[in-house]
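Take a look at the structure below.
Residue numbers (my numbering): 840 to 1413.
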(Lines of atoms letter the chains of each structure in order from A and count residues from 1; the text may use other names and numbers.)
(Lines give C-alpha, C1' and ligand atoms only; values in the text may rest on other atoms or scores of the structure.)
Protein backbone atom coordinates (compact mmCIF):
# COMPACT_ATOMS: atom_id res chain seq x y z
CA UNK A 1 0.00 0.00 0.00
CA UNK A 2 2.85 2.34 0.85
CA UNK A 3 4.67 1.46 -2.40
CA UNK A 4 1.65 2.31 -4.48
CA UNK A 5 1.30 5.65 -2.76
CA UNK A 6 4.99 6.41 -3.50
CA UNK A 7 4.49 5.69 -7.19
CA UNK A 8 1.44 7.89 -7.27
CA UNK A 9 3.39 10.65 -5.60
CA UNK A 10 6.27 10.35 -8.14
CA UNK A 11 3.85 10.38 -11.06
CA UNK A 12 2.14 13.44 -9.63
CA UNK A 13 5.50 15.22 -9.27
CA UNK A 14 6.47 14.43 -12.86
CA UNK A 15 3.11 15.54 -14.07
CA UNK A 16 3.47 18.84 -12.20
CA UNK A 17 6.89 19.45 -13.74
CA UNK A 18 5.60 18.69 -17.20
CA UNK A 19 2.68 21.04 -16.68
CA UNK A 20 5.04 23.79 -15.49
CA UNK A 21 7.31 23.24 -18.51
CA UNK A 22 4.31 23.38 -20.85
CA UNK A 23 3.18 26.63 -19.19
CA UNK A 24 6.66 28.17 -19.65
CA UNK A 25 6.79 27.07 -23.28
CA UNK A 26 3.40 28.60 -23.95
CA UNK A 27 4.41 31.88 -22.32
CA UNK A 28 7.76 32.01 -24.12
CA UNK A 29 6.38 31.04 -27.50
CA UNK A 30 7.34 34.07 -29.59
CA UNK A 31 8.37 34.81 -33.19
CA UNK A 32 11.99 34.53 -34.21
CA UNK A 33 12.29 38.33 -34.38
CA UNK A 34 11.50 38.62 -30.66
CA UNK A 35 14.37 36.36 -29.67
CA UNK A 36 16.79 37.90 -32.17
CA UNK A 37 16.16 41.42 -30.87
CA UNK A 38 16.31 40.21 -27.28
CA UNK A 39 19.62 38.51 -27.91
CA UNK A 40 20.95 41.66 -29.53
CA UNK A 41 19.91 43.85 -26.59
CA UNK A 42 21.42 41.39 -24.12
CA UNK A 43 24.68 41.61 -26.02
CA UNK A 44 24.69 45.39 -26.55
CA UNK A 45 23.49 46.87 -23.26
CA UNK A 46 26.07 45.22 -20.96
CA UNK A 47 28.82 46.01 -23.45
CA UNK A 48 27.71 49.62 -23.68
CA UNK A 49 27.65 49.98 -19.89
CA UNK A 50 30.99 48.24 -19.59
CA UNK A 51 32.50 50.61 -22.16
CA UNK A 52 31.60 53.62 -20.03
CA UNK A 53 32.91 51.92 -16.91
CA UNK A 54 36.32 51.22 -18.44
CA UNK A 55 36.55 54.61 -20.14
CA UNK A 56 37.93 56.16 -16.98
CA UNK A 57 40.46 53.38 -16.68
CA UNK A 58 41.36 53.90 -20.33
CA UNK A 59 41.96 57.59 -19.71
CA UNK A 60 44.31 56.75 -16.83
CA UNK A 61 46.08 54.18 -18.94
CA UNK A 62 46.30 56.68 -21.80
CA UNK A 63 48.10 59.07 -19.50
CA UNK A 64 50.71 56.40 -18.80
CA UNK A 65 51.03 55.58 -22.48
CA UNK A 66 51.56 59.23 -23.37
CA UNK A 67 54.24 59.51 -20.72
CA UNK A 68 56.01 56.41 -22.03
CA UNK A 69 55.81 57.64 -25.63
CA UNK A 70 57.18 61.03 -24.67
CA UNK A 71 60.09 59.50 -22.82
CA UNK A 72 60.77 57.21 -25.77
CA UNK A 73 60.57 60.10 -28.27
CA UNK A 74 62.92 62.40 -26.36
CA UNK A 75 65.26 59.48 -25.68
CA UNK A 76 65.33 58.70 -29.41
CA UNK A 77 66.18 62.33 -30.23
CA UNK A 78 68.94 62.30 -27.62
CA UNK A 79 70.47 59.18 -29.18
CA UNK A 80 70.38 60.74 -32.66
CA UNK A 81 72.13 63.86 -31.38
CA UNK A 82 74.74 61.91 -29.47
CA UNK A 83 75.50 59.68 -32.46
CA UNK A 84 76.03 62.77 -34.61
CA UNK A 85 78.31 64.43 -32.07
CA UNK A 86 80.26 61.24 -31.38
CA UNK A 87 80.80 60.85 -35.11
CA UNK A 88 82.23 64.39 -35.27
CA UNK A 89 84.46 63.67 -32.28
CA UNK A 90 85.74 60.46 -33.92
CA UNK A 91 86.61 62.45 -37.05
CA UNK A 92 88.56 64.92 -34.91
CA UNK A 93 90.49 62.15 -33.20
CA UNK A 94 91.44 60.63 -36.55
CA UNK A 95 92.59 64.00 -37.89
CA UNK A 96 94.55 64.72 -34.70
CA UNK A 97 96.81 61.73 -35.45
CA UNK A 98 97.81 63.15 -38.85
CA UNK A 99 101.55 63.56 -39.34
CA UNK A 100 101.00 66.82 -41.22
CA UNK A 101 99.88 68.67 -38.10
CA UNK A 102 102.85 67.33 -36.16
CA UNK A 103 105.15 68.72 -38.89
CA UNK A 104 103.10 71.91 -38.96
CA UNK A 105 102.46 71.44 -42.67
CA UNK A 106 99.15 73.28 -42.64
CA UNK A 107 98.61 73.11 -46.38
CA UNK A 108 98.91 69.33 -46.41
CA UNK A 109 96.73 69.12 -43.31
CA UNK A 110 94.19 71.41 -44.98
CA UNK A 111 94.05 69.15 -48.03
CA UNK A 112 93.72 66.01 -45.89
CA UNK A 113 90.91 67.51 -43.82
CA UNK A 114 89.07 68.81 -46.91
CA UNK A 115 89.07 65.31 -48.41
CA UNK A 116 87.89 63.75 -45.14
CA UNK A 117 85.00 66.22 -44.78
CA UNK A 118 84.02 66.37 -48.47
CA UNK A 119 80.71 64.53 -47.99
CA UNK A 120 79.74 66.14 -44.67
CA UNK A 121 78.18 69.43 -43.58
CA UNK A 122 81.04 70.14 -41.16
CA UNK A 123 84.14 72.33 -41.48
CA UNK A 124 87.45 71.95 -39.64
CA UNK A 125 88.99 74.88 -37.79
CA UNK A 126 92.44 74.94 -36.16
CA UNK A 127 92.57 77.47 -33.29
CA UNK A 128 95.72 78.50 -31.43
CA UNK A 129 96.02 79.48 -27.78
CA UNK A 130 95.24 83.13 -28.64
CA UNK A 131 91.91 82.15 -30.22
CA UNK A 132 93.25 82.86 -33.71
CA UNK A 133 92.12 80.69 -36.56
CA UNK A 134 95.11 79.00 -38.18
CA UNK A 135 93.06 77.01 -40.68
CA UNK A 136 89.42 76.89 -41.80
CA UNK A 137 88.27 74.45 -44.47
CA UNK A 138 85.24 76.65 -45.15
CA UNK A 139 87.62 79.20 -46.77
CA UNK A 140 90.41 78.73 -49.32
CA UNK A 141 93.80 77.98 -47.84
CA UNK A 142 95.74 81.17 -47.22
CA UNK A 143 92.67 83.38 -46.98
CA UNK A 144 92.82 85.93 -44.12
CA UNK A 145 91.35 84.46 -40.94
CA UNK A 146 90.35 86.33 -37.83
CA UNK A 147 89.71 85.23 -34.32
CA UNK A 148 87.36 82.30 -33.74
CA UNK A 149 83.84 82.81 -32.53
CA UNK A 150 82.60 81.39 -29.22
CA UNK A 151 85.59 82.46 -27.06
CA UNK A 152 84.06 81.16 -23.82
CA UNK A 153 83.82 77.59 -25.06
CA UNK A 154 87.31 77.82 -26.62
CA UNK A 155 88.88 78.91 -23.35
CA UNK A 156 86.98 76.24 -21.45
CA UNK A 157 88.19 73.57 -23.90
CA UNK A 158 91.84 74.63 -23.42
CA UNK A 159 91.43 74.49 -19.66
CA UNK A 160 89.66 71.12 -19.55
CA UNK A 161 92.22 69.59 -21.93
CA UNK A 162 89.51 67.24 -23.21
CA UNK A 163 86.71 67.07 -25.79
CA UNK A 164 84.01 69.71 -25.45
CA UNK A 165 80.70 70.39 -27.20
CA UNK A 166 79.80 74.06 -27.33
CA UNK A 167 76.41 75.70 -27.12
CA UNK A 168 74.85 77.51 -30.04
CA UNK A 169 76.63 80.68 -31.22
CA UNK A 170 76.64 82.95 -34.23
CA UNK A 171 79.56 82.09 -36.48
CA UNK A 172 80.81 85.41 -37.91
CA UNK A 173 82.91 83.59 -40.51
CA UNK A 174 80.02 81.66 -42.02
CA UNK A 175 77.25 84.06 -41.01
CA UNK A 176 75.11 81.36 -39.42
CA UNK A 177 74.11 79.86 -36.09
CA UNK A 178 76.36 76.92 -35.37
CA UNK A 179 77.91 74.73 -32.71
CA UNK A 180 81.41 73.32 -32.37
CA UNK A 181 82.97 70.10 -31.16
CA UNK A 182 86.46 70.82 -29.77
CA UNK A 183 89.44 68.54 -29.27
CA UNK A 184 92.68 69.92 -27.71
CA UNK A 185 95.92 68.83 -29.41
CA UNK A 186 99.40 69.29 -27.97
CA UNK A 187 102.26 69.06 -30.45
CA UNK A 188 105.72 67.67 -29.81
CA UNK A 189 107.02 71.26 -29.88
CA UNK A 190 104.88 72.04 -26.84
CA UNK A 191 102.37 74.15 -28.75
CA UNK A 192 98.66 73.61 -28.08
CA UNK A 193 95.87 73.86 -30.61
CA UNK A 194 92.17 73.21 -30.71
CA UNK A 195 90.78 71.11 -33.53
CA UNK A 196 87.16 72.15 -33.97
CA UNK A 197 84.45 70.72 -36.20
CA UNK A 198 81.80 73.34 -36.74
CA UNK A 199 78.34 72.51 -38.02
CA UNK A 200 75.31 74.58 -38.91
CA UNK A 201 72.65 74.33 -36.19
CA UNK A 202 70.07 73.63 -38.88
CA UNK A 203 72.01 70.42 -39.63
CA UNK A 204 70.49 68.91 -36.46
CA UNK A 205 66.94 69.44 -37.77
CA UNK A 206 66.74 65.73 -38.65
CA UNK A 207 66.85 64.95 -34.93
CA UNK A 208 63.64 66.94 -34.26
CA UNK A 209 61.86 66.10 -37.49
CA UNK A 210 58.06 66.32 -37.19
CA UNK A 211 57.78 62.90 -38.84
CA UNK A 212 59.28 61.32 -35.72
CA UNK A 213 56.79 63.09 -33.41
CA UNK A 214 53.12 62.54 -32.67
CA UNK A 215 50.68 64.99 -34.32
CA UNK A 216 50.50 68.31 -32.45
CA UNK A 217 53.89 67.85 -30.82
CA UNK A 218 57.10 69.87 -31.33
CA UNK A 219 60.64 69.31 -30.15
CA UNK A 220 63.72 71.46 -29.70
CA UNK A 221 67.38 71.14 -28.76
CA UNK A 222 68.32 73.61 -26.01
CA UNK A 223 71.95 74.21 -24.98
CA UNK A 224 73.22 74.61 -21.44
CA UNK A 225 72.52 78.34 -21.38
CA UNK A 226 68.88 77.89 -22.39
CA UNK A 227 69.31 78.96 -26.03
CA UNK A 228 67.57 77.10 -28.85
CA UNK A 229 69.89 75.18 -31.17
CA UNK A 230 67.19 73.86 -33.52
CA UNK A 231 63.42 73.39 -33.29
CA UNK A 232 60.66 71.70 -35.25
CA UNK A 233 58.52 74.80 -34.60
CA UNK A 234 59.41 77.49 -37.13
CA UNK A 235 58.44 80.21 -34.66
CA UNK A 236 61.15 79.10 -32.23
CA UNK A 237 64.38 80.49 -33.78
CA UNK A 238 67.97 79.25 -33.21
CA UNK A 239 69.88 81.43 -30.73
CA UNK A 240 66.71 82.64 -28.98
CA UNK A 241 65.96 81.80 -25.38
CA UNK A 242 63.55 78.89 -25.15
CA UNK A 243 60.05 80.23 -24.61
CA UNK A 244 59.21 77.83 -21.75
CA UNK A 245 61.13 79.27 -18.84
CA UNK A 246 59.69 76.99 -16.16
CA UNK A 247 61.09 73.70 -17.42
CA UNK A 248 60.99 70.84 -14.90
CA UNK A 249 63.82 70.93 -12.41
CA UNK A 250 64.65 67.29 -13.11
CA UNK A 251 66.78 66.60 -16.15
CA UNK A 252 64.58 63.76 -17.39
CA UNK A 253 60.82 63.54 -17.00
CA UNK A 254 57.32 64.61 -18.02
CA UNK A 255 55.39 67.44 -16.44
CA UNK A 256 52.64 69.98 -17.00
CA UNK A 257 53.70 73.63 -17.36
CA UNK A 258 51.64 76.80 -17.53
CA UNK A 259 53.20 79.63 -19.57
CA UNK A 260 51.49 82.90 -20.51
CA UNK A 261 48.09 81.52 -19.62
CA UNK A 262 48.51 78.36 -21.70
CA UNK A 263 48.95 74.82 -20.39
CA UNK A 264 51.55 72.57 -21.94
CA UNK A 265 52.54 68.95 -21.64
CA UNK A 266 56.35 68.86 -21.60
CA UNK A 267 58.91 66.04 -21.71
CA UNK A 268 62.65 66.63 -21.25
CA UNK A 269 65.75 64.51 -21.76
CA UNK A 270 69.35 65.41 -20.91
CA UNK A 271 72.32 64.44 -23.11
CA UNK A 272 75.42 63.68 -21.09
CA UNK A 273 77.64 63.75 -24.19
CA UNK A 274 76.63 67.26 -25.31
CA UNK A 275 75.25 68.86 -22.15
CA UNK A 276 72.14 69.82 -24.15
CA UNK A 277 68.54 69.30 -23.24
CA UNK A 278 65.93 67.78 -25.57
CA UNK A 279 62.47 69.25 -25.00
CA UNK A 280 59.18 68.00 -26.49
CA UNK A 281 55.98 69.94 -25.85
CA UNK A 282 52.35 70.18 -26.92
CA UNK A 283 49.32 72.13 -25.64
CA UNK A 284 47.25 70.19 -23.13
CA UNK A 285 44.19 70.68 -25.31
CA UNK A 286 45.93 68.80 -28.15
CA UNK A 287 47.02 65.97 -25.82
CA UNK A 288 43.58 65.54 -24.25
CA UNK A 289 41.58 65.93 -27.47
CA UNK A 290 41.76 62.23 -28.53
CA UNK A 291 40.37 61.09 -25.16
CA UNK A 292 37.52 63.60 -25.24
CA UNK A 293 36.66 62.73 -28.81
CA UNK A 294 36.78 59.03 -27.94
CA UNK A 295 34.22 59.63 -25.19
CA UNK A 296 31.92 61.59 -27.49
CA UNK A 297 32.19 59.11 -30.34
CA UNK A 298 31.65 56.19 -27.98
CA UNK A 299 28.46 57.73 -26.66
CA UNK A 300 27.09 58.78 -30.03
CA UNK A 301 28.22 55.61 -31.79
CA UNK A 302 26.68 53.40 -29.11
CA UNK A 303 23.29 55.03 -29.48
CA UNK A 304 23.36 54.91 -33.29
CA UNK A 305 24.68 51.36 -33.34
CA UNK A 306 22.03 50.12 -30.95
CA UNK A 307 19.26 51.73 -33.01
CA UNK A 308 20.55 50.36 -36.29
CA UNK A 309 21.15 46.93 -34.78
CA UNK A 310 17.63 46.64 -33.42
CA UNK A 311 16.08 47.74 -36.71
CA UNK A 312 18.36 45.45 -38.70
CA UNK A 313 17.64 42.51 -36.42
CA UNK A 314 13.95 42.96 -36.90
CA UNK A 315 14.35 43.00 -40.69
CA UNK A 316 16.64 39.98 -40.66
CA UNK A 317 14.19 38.09 -38.48
CA UNK A 318 11.42 38.71 -41.01
CA UNK A 319 13.65 37.52 -43.86
CA UNK A 320 14.66 34.41 -41.93
CA UNK A 321 11.06 33.58 -41.13
CA UNK A 322 10.09 33.75 -44.78
CA UNK A 323 13.13 31.69 -45.79
CA UNK A 324 12.42 29.00 -43.21
CA UNK A 325 8.89 28.60 -44.50
CA UNK A 326 10.12 28.11 -48.07
CA UNK A 327 12.79 25.67 -46.89
CA UNK A 328 10.15 23.64 -45.09
CA UNK A 329 8.18 23.39 -48.32
CA UNK A 330 11.30 22.27 -50.24
CA UNK A 331 12.01 19.66 -47.56
CA UNK A 332 8.56 18.17 -48.09
CA UNK A 333 9.15 18.04 -51.84
CA UNK A 334 12.53 16.37 -51.30
CA UNK A 335 10.89 13.71 -49.17
CA UNK A 336 8.37 13.08 -51.92
CA UNK A 337 11.15 12.65 -54.50
CA UNK A 338 10.12 15.72 -56.51
CA UNK A 339 12.72 17.88 -58.35
CA UNK A 340 13.77 21.05 -56.53
CA UNK A 341 15.26 24.21 -58.01
CA UNK A 342 17.53 26.44 -55.86
CA UNK A 343 15.92 29.68 -54.76
CA UNK A 344 17.47 33.12 -54.37
CA UNK A 345 17.48 34.46 -50.81
CA UNK A 346 18.76 37.66 -49.27
CA UNK A 347 20.48 35.68 -46.50
CA UNK A 348 23.24 33.57 -47.99
CA UNK A 349 23.10 30.85 -45.34
CA UNK A 350 19.45 30.20 -46.16
CA UNK A 351 20.40 30.19 -49.83
CA UNK A 352 23.09 27.61 -49.10
CA UNK A 353 20.47 25.36 -47.51
CA UNK A 354 18.20 25.82 -50.52
CA UNK A 355 21.10 24.95 -52.85
CA UNK A 356 21.84 21.91 -50.69
CA UNK A 357 18.23 20.76 -51.04
CA UNK A 358 18.44 21.21 -54.82
CA UNK A 359 21.75 19.29 -54.97
CA UNK A 360 20.31 16.57 -52.76
CA UNK A 361 17.31 16.20 -55.04
CA UNK A 362 19.56 16.09 -58.12
CA UNK A 363 21.91 13.65 -56.39
CA UNK A 364 18.99 11.44 -55.48
CA UNK A 365 17.79 11.36 -59.10
CA UNK A 366 21.34 10.73 -60.33
CA UNK A 367 21.91 8.01 -57.74
CA UNK A 368 18.74 6.26 -58.75
CA UNK A 369 19.85 6.39 -62.40
CA UNK A 370 23.33 5.14 -61.51
CA UNK A 371 21.87 2.28 -59.51
CA UNK A 372 19.76 1.22 -62.47
CA UNK A 373 22.79 1.51 -64.77
CA UNK A 374 24.98 -0.46 -62.36
CA UNK A 375 22.37 -3.18 -62.10
CA UNK A 376 22.36 -3.52 -65.88
CA UNK A 377 26.18 -3.46 -65.93
CA UNK A 378 26.39 -6.09 -63.20
CA UNK A 379 24.01 -8.29 -65.11
CA UNK A 380 26.05 -7.84 -68.31
CA UNK A 381 29.37 -8.52 -66.57
CA UNK A 382 27.90 -11.52 -64.79
CA UNK A 383 26.79 -13.01 -68.10
CA UNK A 384 30.28 -12.47 -69.55
CA UNK A 385 31.90 -14.04 -66.49
CA UNK A 386 29.55 -17.03 -66.68
CA UNK A 387 30.37 -17.47 -70.36
CA UNK A 388 34.12 -17.41 -69.63
CA UNK A 389 33.72 -19.79 -66.69
CA UNK A 390 31.63 -22.15 -68.81
CA UNK A 391 34.35 -22.15 -71.48
CA UNK A 392 37.00 -22.80 -68.85
CA UNK A 393 34.91 -25.62 -67.44
CA UNK A 394 34.47 -27.26 -70.83
CA UNK A 395 38.14 -26.98 -71.76
CA UNK A 396 39.34 -28.17 -68.36
CA UNK A 397 37.02 -31.16 -68.53
CA UNK A 398 38.11 -32.05 -72.07
CA UNK A 399 41.86 -31.63 -71.45
CA UNK A 400 42.21 -33.56 -68.18
CA UNK A 401 42.00 -37.27 -67.50
CA UNK A 402 41.08 -37.41 -63.79
CA UNK A 403 38.76 -35.58 -61.42
CA UNK A 404 41.64 -34.31 -59.27
CA UNK A 405 43.52 -33.01 -62.32
CA UNK A 406 40.33 -31.34 -63.54
CA UNK A 407 39.69 -29.74 -60.13
CA UNK A 408 43.27 -28.43 -59.90
CA UNK A 409 43.30 -27.01 -63.44
CA UNK A 410 39.87 -25.48 -63.04
CA UNK A 411 40.77 -23.96 -59.63
CA UNK A 412 43.91 -22.31 -61.03
CA UNK A 413 42.03 -20.88 -63.97
CA UNK A 414 39.32 -19.53 -61.68
CA UNK A 415 42.06 -17.95 -59.50
CA UNK A 416 43.63 -16.30 -62.54
CA UNK A 417 40.23 -14.99 -63.61
CA UNK A 418 39.69 -13.66 -60.07
CA UNK A 419 43.01 -11.80 -60.13
CA UNK A 420 42.09 -10.14 -63.43
CA UNK A 421 38.66 -9.30 -62.03
CA UNK A 422 40.25 -7.70 -58.94
CA UNK A 423 42.33 -5.43 -61.17
CA UNK A 424 39.25 -4.59 -63.24
CA UNK A 425 37.30 -3.57 -60.14
CA UNK A 426 40.20 -1.58 -58.65
CA UNK A 427 40.90 0.29 -61.90
CA UNK A 428 37.48 0.44 -63.50
CA UNK A 429 37.70 4.17 -64.26
CA UNK A 430 41.37 4.37 -65.32
CA UNK A 431 41.80 1.00 -67.00
CA UNK A 432 44.24 -1.76 -66.06
CA UNK A 433 48.01 -1.22 -66.38
CA UNK A 434 49.50 -4.00 -68.53
CA UNK A 435 52.65 -4.35 -66.39
CA UNK A 436 50.54 -4.71 -63.26
CA UNK A 437 48.32 -7.26 -65.04
CA UNK A 438 51.35 -9.31 -66.13
CA UNK A 439 52.96 -9.24 -62.68
CA UNK A 440 49.64 -10.24 -61.10
CA UNK A 441 49.12 -13.25 -63.40
CA UNK A 442 52.73 -14.48 -63.40
CA UNK A 443 53.31 -14.10 -59.67
CA UNK A 444 51.91 -17.56 -58.72
CA UNK A 445 54.33 -19.19 -61.23
CA UNK A 446 57.40 -17.06 -60.44
CA UNK A 447 60.50 -19.11 -59.53
CA UNK A 448 62.80 -18.23 -56.62
CA UNK A 449 65.16 -16.41 -58.99
CA UNK A 450 63.30 -13.21 -60.05
CA UNK A 451 65.71 -12.77 -63.00
CA UNK A 452 64.04 -15.67 -64.82
CA UNK A 453 60.95 -13.62 -65.64
CA UNK A 454 61.81 -10.37 -67.47
CA UNK A 455 59.12 -7.72 -68.20
CA UNK A 456 59.89 -4.83 -70.53
CA UNK A 457 57.63 -2.20 -72.05
CA UNK A 458 56.03 1.24 -71.67
CA UNK A 459 53.07 2.15 -69.47
CA UNK A 460 49.89 1.00 -71.24
CA UNK A 461 46.33 1.16 -69.88
CA UNK A 462 43.88 -1.50 -71.08
CA UNK A 463 40.10 -1.47 -71.15
CA UNK A 464 38.80 -3.81 -68.44
CA UNK A 465 37.32 -6.46 -70.77
CA UNK A 466 40.53 -6.55 -72.83
CA UNK A 467 42.54 -6.84 -69.62
CA UNK A 468 40.44 -9.84 -68.53
CA UNK A 469 41.12 -11.70 -71.77
CA UNK A 470 44.84 -10.88 -71.77
CA UNK A 471 45.04 -11.97 -68.12
CA UNK A 472 43.58 -15.34 -68.96
CA UNK A 473 45.98 -15.69 -71.90
CA UNK A 474 49.02 -14.88 -69.72
CA UNK A 475 47.79 -17.36 -67.11
CA UNK A 476 47.59 -20.15 -69.70
CA UNK A 477 50.98 -19.29 -71.19
CA UNK A 478 52.53 -19.37 -67.71
CA UNK A 479 50.78 -22.68 -66.95
CA UNK A 480 52.16 -24.26 -70.14
CA UNK A 481 55.63 -22.83 -69.40
CA UNK A 482 55.52 -24.43 -65.95
CA UNK A 483 54.48 -27.82 -67.33
CA UNK A 484 56.43 -28.05 -70.58
CA UNK A 485 58.43 -24.84 -71.13
CA UNK A 486 61.01 -22.49 -69.63
CA UNK A 487 59.70 -22.79 -66.08
CA UNK A 488 59.72 -26.60 -66.12
CA UNK A 489 63.46 -26.60 -65.34
CA UNK A 490 65.78 -24.56 -63.10
CA UNK A 491 67.40 -22.39 -65.80
CA UNK A 492 64.73 -21.35 -68.30
CA UNK A 493 63.81 -17.69 -68.82
CA UNK A 494 60.59 -16.01 -69.91
CA UNK A 495 60.81 -12.65 -71.65
CA UNK A 496 57.58 -10.67 -71.96
CA UNK A 497 57.95 -7.52 -74.10
CA UNK A 498 55.34 -5.08 -75.31
CA UNK A 499 55.25 -1.84 -77.27
CA UNK A 500 52.79 0.59 -78.83
CA UNK A 501 53.19 1.80 -82.43
CA UNK A 502 51.22 2.30 -85.64
CA UNK A 503 47.90 2.03 -83.81
CA UNK A 504 48.78 -1.43 -82.48
CA UNK A 505 49.83 -2.96 -79.18
CA UNK A 506 52.52 -5.55 -79.89
CA UNK A 507 53.08 -8.27 -77.25
CA UNK A 508 55.89 -10.83 -77.47
CA UNK A 509 56.09 -13.94 -75.22
CA UNK A 510 59.48 -15.67 -75.62
CA UNK A 511 60.65 -18.71 -73.67
CA UNK A 512 64.40 -19.47 -73.60
CA UNK A 513 66.29 -22.43 -72.18
CA UNK A 514 63.30 -24.79 -72.25
CA UNK A 515 63.76 -28.56 -72.51
CA UNK A 516 61.84 -29.31 -75.71
CA UNK A 517 60.46 -32.87 -75.70
CA UNK A 518 59.45 -34.77 -78.85
CA UNK A 519 55.81 -34.10 -79.77
CA UNK A 520 53.36 -36.60 -78.35
CA UNK A 521 50.40 -38.08 -80.14
CA UNK A 522 47.25 -36.24 -79.05
CA UNK A 523 43.62 -36.88 -79.53
CA UNK A 524 43.32 -33.75 -81.64
CA UNK A 525 41.90 -31.68 -78.79
CA UNK A 526 42.93 -28.05 -78.57
CA UNK A 527 44.32 -26.79 -75.21
CA UNK A 528 42.55 -24.06 -73.32
CA UNK A 529 45.56 -21.73 -73.72
CA UNK A 530 45.30 -22.03 -77.50
CA UNK A 531 41.55 -21.42 -77.29
CA UNK A 532 42.09 -18.27 -75.24
CA UNK A 533 44.71 -16.95 -77.62
CA UNK A 534 43.05 -17.89 -80.90
CA UNK A 535 39.37 -17.45 -80.08
CA UNK A 536 39.14 -14.79 -77.43
CA UNK A 537 42.11 -12.68 -78.52
CA UNK A 538 41.95 -13.43 -82.21
CA UNK A 539 38.21 -13.26 -82.65
CA UNK A 540 36.99 -10.97 -79.88
CA UNK A 541 39.85 -8.43 -80.07
CA UNK A 542 40.75 -8.84 -83.77
CA UNK A 543 44.27 -9.70 -82.67
CA UNK A 544 46.95 -11.04 -85.02
CA UNK A 545 48.72 -14.09 -83.54
CA UNK A 546 51.93 -15.77 -84.64
CA UNK A 547 53.46 -18.81 -82.94
CA UNK A 548 57.07 -19.85 -83.54
CA UNK A 549 58.83 -22.90 -82.11
CA UNK A 550 62.52 -22.30 -81.43
CA UNK A 551 64.95 -25.00 -80.41
CA UNK A 552 65.00 -23.67 -76.84
CA UNK A 553 61.36 -22.67 -76.43
CA UNK A 554 58.13 -21.28 -77.86
CA UNK A 555 57.52 -17.68 -78.99
CA UNK A 556 54.13 -15.98 -79.32
CA UNK A 557 53.72 -12.61 -81.10
CA UNK A 558 50.38 -10.90 -80.54
CA UNK A 559 49.31 -7.63 -82.18
CA UNK A 560 46.09 -6.04 -80.89
CA UNK A 561 44.51 -2.98 -82.56
CA UNK A 562 44.19 -0.03 -80.19
CA UNK A 563 40.51 0.22 -81.18
CA UNK A 564 38.54 -2.98 -81.38
CA UNK A 565 34.72 -2.83 -81.31
CA UNK A 566 34.81 0.05 -78.86
CA UNK A 567 37.08 -1.83 -76.46
CA UNK A 568 39.98 0.59 -76.44
CA UNK A 569 43.34 -0.10 -74.81
CA UNK A 570 44.20 3.41 -73.61
CA UNK A 571 47.91 4.32 -73.66
CA UNK A 572 48.82 6.54 -70.68
CA UNK A 573 52.54 6.89 -71.00
CA UNK A 574 55.65 5.56 -72.64
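Note that beta-carbon positions come from the ideal geometry of N, C-alpha and C, so glycine has one too.
Please read these numbers as outputs of a predicted model, since none were measured by experiment.
Query, Result
"Selection from 1325, 1392, 1312 that minimises the alpha carbon distance to residue 1379", "1312"
"Candidates 926, 1101, 1282: closest to residue 1314 by CA position", "1282"
"Residue span of the beta strand (DSSP E) that contains residue 1060, given as start and end", "1057-1061"
"Enclosing beta strand (DSSP E) for residue 990 [first to last residue]", "Here residue 990 belongs to no beta strand (DSSP E); instead the alpha helix (DSSP H) covers 990-999."
"Coarse secondary structure for residue 1387, derived from DSSP in three states", "strand"
"Inter-residue Cα distance where the pair is residue 862 and residue 877", "21 Å"
"Secondary structure of residue 1178, DSSP reduced to three states", "coil"
"Close-in-space but distant-in-sequence residues of the same chain around residue 1149 (CB under 8 Å, 5 per side omitted)", "876, 879, 880"
"Backbone CA spacing between residue 1207 and residue 1168 [nearest angstrom]", "23 Å"
"Beta-carbon spacing of residue 906, residue 1093 below 8 Å", "yes"
"DSSP beta-bridge partners of residue 1333", "1292, 1350"
"Residues that residue 1394 bridges to, as DSSP identifies them", "1349, 1387"
"At least 3 beta-carbon pairs within less than 8 Å: the region 1024-1034 vs the region 976-983", "no"
"Contact belief for residue 1181 with residue 1194 at Cβ below 8 Å, rounded distance in angstroms", "5 Å"
"Endpoints, beta strand (DSSP E) assigned at residue 1094", "1092-1098"
"Residue burial classification, residue 1388 (beta-carbon count within 10 angstroms, cutoff 16)", "exposed"
"Residue 962, buried or exposed, once every other Cβ within 10 Å from all chains shown has been counted against 16", "buried"
"Per DSSP, the bridge partner or partners of residue 1343", "1340, 1400"
"Proximal residues to residue 1055 (C-beta, below 7 Å), its chain only, five neighbours per side dropped", "1121, 1125"
"Residue 975: first and last residue of the uninterrupted alpha helix (DSSP H) it sits in", "It is not in any alpha helix (DSSP H) - residue 975 instead sits in the beta strand (DSSP E) that spans 972-975."
"Buried or exposed (CB count within 10 angstroms, at least 16 for buried), residue 895", "exposed"
"Where the alpha helix (DSSP H) containing residue 1313 begins and where it ends", "1303-1322"
"Helix, strand or coil at residue 1041 [DSSP, three-state]", "helix"
"Neighbourhood of residue 927 by C-beta, 8 Å cutoff - its chain only, sequence neighbours within 5 removed", "961, 1020, 1036, 1038"
"Rounded straight-line distance, which links the Cα of residue 897 to that of residue 859", "47 Å"
"Any 3 or more C-beta pairs closer than 8 Å across the region 1342-1349 and the region 1384-1401", "yes"
"DSSP state of residue 895 mapped onto helix, strand, coil", "helix"
"Residue 1319, buried or exposed, once every other Cβ within 10 Å from all chains shown has been counted against 16", "buried"
"Closer than 7 Å: residue 1398 CB and nearest the ligand FMN heavy atom", "In the structure shown, the ligand FMN is absent, as is every other ligand, since no ligand is present at all."
"Residue 929, DSSP secondary structure in three states", "helix"
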